[in-house]
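Numbering (my numbering), first residue to last: -7 to 405.
Think of the CB as a built atom: it goes at the ideal place given N, C-alpha and C, for glycine as much as any other residue.
What you are looking at is a predicted structure, and each value in this text was computed from that prediction instead of being measured.
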Amino acid sequence: MRHLLLTAATIIMTAMPYSVEAQNNPYELPDPLRMEDGRIVRNKRQWINERRPELMEMLRSQMFGREPGADVVPDMHYTVLEESKDAFGGLATRKQVKISFDKEENYYLVLLMYIPNDRKGPVPAFLGPNFKGNHATTTDPAVLLPTPEKLATYAPGYKLEDRNTNGHRWEYEYILKHGYAVATFCYNDVDPDFHDGFHNGIHRLIDGDKPRDGESWATISAWAWGLSRCLDFLETEKAIDAKRVAVIGHSRLGKTSLWAGATDQRFALVISNDSGCSGAAIARRKYGETVEVICRNFPHWFCTNYTAYGGREEKMPWDQHELIAMIAPRPVYVASASEDSWADPVGEYFSLVGAASVYRLFGYDGITDTTVPDVEHPVTVGRMGHHIRRGEHNVRLYDWEQYIRFADRFLKR
Ligand code: GCU
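Set out below in structure tokens:
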């Protein structure tokens, strides 16, 4: 157990199960309810009309960049590539749909869906990007491989992974048996995960050679934009209830699911799995990965204005609890892993605590306990959920068990 002293907004860390070295970095979190002009937000109307837009503007201009809407791809269209009712021995219908962003289909992603066959009416769903290709999420031999042309656009040296190399992260049968559909696409399909000056991926189609500035959208916002386009498609998919879609992501894709949940309020529930620095973890803790390190190692993930905060986290006019607050009043789940100190499990927990006052405005309880829960002691309070899985940076069945339990409260009829 970890004990914290909370004095006003100052948090001082003491005993520590997740770290060897002490984290003696007292910090003061910005109050999500304090407007830039100093006024305090008193009710949800003020939050929705004034404070939330102000914070979104900050996150867009200083961190993720300004994402476009759906209108920049007027030729977006869908092609069913494959569909069969026999997935997993008849448990589910598998559907693979090409979501093309241009007429010529030079820019597209392939959405893999599994939909439980045992259903009465449209079902809720989990939607999340994957790292290594749809075929790497399962043993199912009918899942299409990326074409050689598509593969050639991914990061240099990117190899076709064997099937199922990431299957442990996608507990399809478990999810389906609990009444949920699941949909995924390879994140490289939207924007390859390497820095090429934004000449490839969806940036090429949408921005062309337009000059970039400090607020131009970058790769995480491109992935989040891709999630929204998948949700556009799911709105046309009769077997899935698009009003009950949980967006989920692991690690860099957990940062992405949080940003997708912030920018697209159609997502009914948001899950961050081990999202760490620039995801759920409080930046001011400077524990594990820091803003400086992430901007240096992954310069394409954020807008360039963000680099100004490297080593100056205490000067950030926001912190990551306010990214969580953007999801309010929708249910949000933050998960960590006990060995994942790079992602700062304690800082991930405290972003929930820091966002609770915003959930309160909407009449919902949130997580406010300043003692970090023990490993594998999941906590749900109001519309917030949290756990720390024992083990490494990853997604495991244990995580899915908690996500389903949490989602059942909100997405089941
Ligand atoms: C690196 C990076 C993290 C990121 C992770 C991942 O470790 O530093 O910020 O979350 O990769 O995406 O797996």
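Which term fits residue i, buried or exposed, when burial requires 16 or more other beta carbons within 10 angstroms of its beta carbon?
i: Ala173; result: buried
i: Lys247; result: buried
i: Ala147; result: exposed
i: Pro138; result: buried
i: Leu410; result: Past the boundaries of the shown model lies residue 410; the chain is included only from -7 to 405, so the question cannot be answered.
i: Ser76; result: exposed
i: Ala14; result: A caution first: Ala14 carries a pLDDT of 39, below 50, which makes its placement in the model unreliable, though a value can still be read off. Its Cβ having fewer than 16 others within 10 Å, Ala14 is exposed.
i: Ala134; result: exposed
i: Asn265; result: buried
i: Gln257; result: exposed
i: His313; result: buried
i: Ala62; result: exposed
i: His378; result: buried
i: Asn158; result: buried
i: Asn126; result: buried
i: Gly149; result: exposed
i: Gly113; result: exposed
i: Asn35; result: exposed
i: Thr363; result: exposed
i: Lys230; result: exposed
i: Asn289; result: exposed
i: Ile32; result: exposed
i: Arg304; result: exposed
Taking DSSP's pairing of strands, which residues face residue i in a bridge?
i: Val324; result: Val262, Met376
i: His69; result: Ser92
i: Thr176; result: Leu104, Gly120
i: Gly241; result: Ser264
i: Ile232; result: Val115
i: Val371; result: His378
i: Arg37; result: DSSP, once it has assigned bridges, lists no residue as partnering Arg37.
i: Arg58; result: Ser208
i: Arg26; result: Ile32
i: Ala329; result: Arg381
i: Val64; result: Looking at the DSSP assignment, Val64 forms no beta bridge with any residue, so it has no partner.
i: Val387; result: Looking at the DSSP assignment, Val387 forms no beta bridge with any residue, so it has no partner.
i: Val182; result: Its beta-bridge partners do not exist; DSSP assigns none.
Mind listing, in chain order, the continuous beta strand (DSSP E) runs of no fewer than 3 residues lying wholly within the stretch 73 to 108?
84 to 92, 100 to 108
Are there three or more Cβ pairs, one per stretch, closer than 8 Å when the stretch 64 to 76 is compared with the stretch 309 to 321?
no
In the stretch 249 to 319, which residue ranges form an unbroken alpha helix (DSSP H) of at least 4 residues, counting only runs that do not cross its ends?
283 to 289, 313 to 317
Please go through the stretch 194 to 220 and give each complete alpha helix (DSSP H) segment of 4 or more residues, from N-terminal end onward.
none
Take every Cβ of the stretch 266 to 277, pair it with every Cβ of the stretch 239 to 246, and state whether three or more of those distances are shorter than 8 Å.
yes
Ranges of the alpha helix (DSSP H) found wholly within the stretch 108 to 162, counting only runs of at least 4
140 to 145
Any contact between the stretch 292 to 303 and the stretch 198 to 218? By contact I mean 3 or more CB pairs, one from each, below 8 Å.
yes
At least three beta-carbon pairs within less than 8 Å, the stretch 151 to 158 to the stretch 82 to 101
no
Cβ pair count under 8 Å reaching 3, the stretch 339 to 353 against the stretch 24 to 41
yes
Tell me, please, whether the stretch 98 to 113 touches the stretch 81 to 90 by the rule of three or more beta-carbon pairs shorter than 8 Å.
yes
Within 8 Å, do at least three Cβ pairs link the stretch 322 to 333 to the stretch 381 to 398?
yes
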